[in-house]
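First comes the structure, then the notes that go with it.
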Amino acid sequence: MLRKLYDRVIAYSAKPSAPWALALVSFAESSVFPIPPDVLQVPMTLAQPQKAWRYALIATIASVLGGVVGYAIGALLYDSVGKFLIDLYGYGQKVGAFQTAYDHYGHWVILLKGITPIPYKLVTITSGFAHYNIWWFLGLSLITRGARFFLLAGMLHYFGPMARDFIERRLGLMTFGLLGVVVLGFLAAIYLM
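See the structure below:
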């Protein structure tokens, strides 16, 4: 089953709509969606390594734009949509601690959490809720999300053929590993914030 799904994503990478799908997932992940864009960026880059930097740029821009939506949810709709999303992902009791961290370390919170597997929507919604300076938020989001997606693109571009061979031979292990990273990100957000 994993092999068929992987093969479909690799085949889909050649379609003109693939960058749009990457943009949509990147946008949604920054505000409401739980799946990271890596699940598309990795196979798309492996299928077309010459487009690694383009895919990283698409993911970065879409993620930052989605972050603006997350920020707006936190700033304008926290009592309804924002609180619902935070509670949905199990972080309701952590918002106060997160806001306190913003008061002291706002820049570092955005920079560090934006590059980790901790769900970025927590950063965007809480940034809005904390009324963090929108211009700093945008600049720091561009830096941290760009670093994440361009670093991934660089590794895949450099190790492309070896990485593709490794992933294809160990697809189950790699899928389990990616799932583990997502789960660890959620757990870290719950217990380390």
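Anchor point for the sequence shown: position 60 equals 46 in the working numbering, and the numbering is continuous, going up by one each time. From the three backbone atoms N, C-alpha and C, an ideal C-beta is built for every residue, glycine too.
- Phe70 sits in a helix when the DSSP states are folded into three classes.
- For Pro5, the enclosing alpha helix (DSSP H) has its first and last residue at 4 to 15.
- About 6 Å separates the CB atoms of Ser127 and Ile96; that is less than 8 Å, so the two are in contact.
- The beta carbon of Val55 is closer than 6 Å to those of Ser17 in its chain, skipping five residues each way along the sequence.
- Leaving aside the five residues that flank Tyr118 on each side, the residues in its chain whose CB is nearer than 7 Å to its CB run, in chain order, Tyr88, Gly92.
- Listed in chain order, the alpha helix (DSSP H) elements of length 4 or more contained wholly in the segment 25 to 102 are 38 to 62, 69 to 74, 81 to 101.
- Buried is the label assigned to Lys99, since at least 16 other Cβ atoms lie within 10 Å of its Cβ.
- Taking every protein chain shown into account, the CB of Ile44 has 16 or more other CB atoms within 10 angstroms, so this residue is buried.
- By the Cβ neighbour-count rule, Leu137 is exposed, with fewer than 16 other Cβ atoms within 10 Å of its own.
- As the crow flies, the alpha-carbon of Val(-5) is around 24 Å from that of Val50.
- Proximity of the segment -3 to 6 to the segment 28 to 36 meets the contact definition, three or more beta-carbon pairs being nearer than 8 Å.
- Taking C-alpha positions only, Leu71 is separated from Asp24 by approximately 21 Å.
- The beta carbons of Tyr64 and Thr110 sit about 12 Å from each other, so the pair does not count as a contact at 8 Å.
- A straight-line Cα-Cα distance of about 12 Å links Pro5 and Val28.
- Under the 10 Å beta carbon count, Thr46 is surrounded by 16 or more other beta carbons and is classified as buried.
- Taken through DSSP and simplified to helix, strand or coil, Val18 comes out as coil.
- With respect to Gly114, Ile59 sits close: the two C-beta atoms are nearer than 8 Å.
- Its Cα nearest to that of Trp121, the residue Gly53 stands out among Gln79, Gly53, Ala14.
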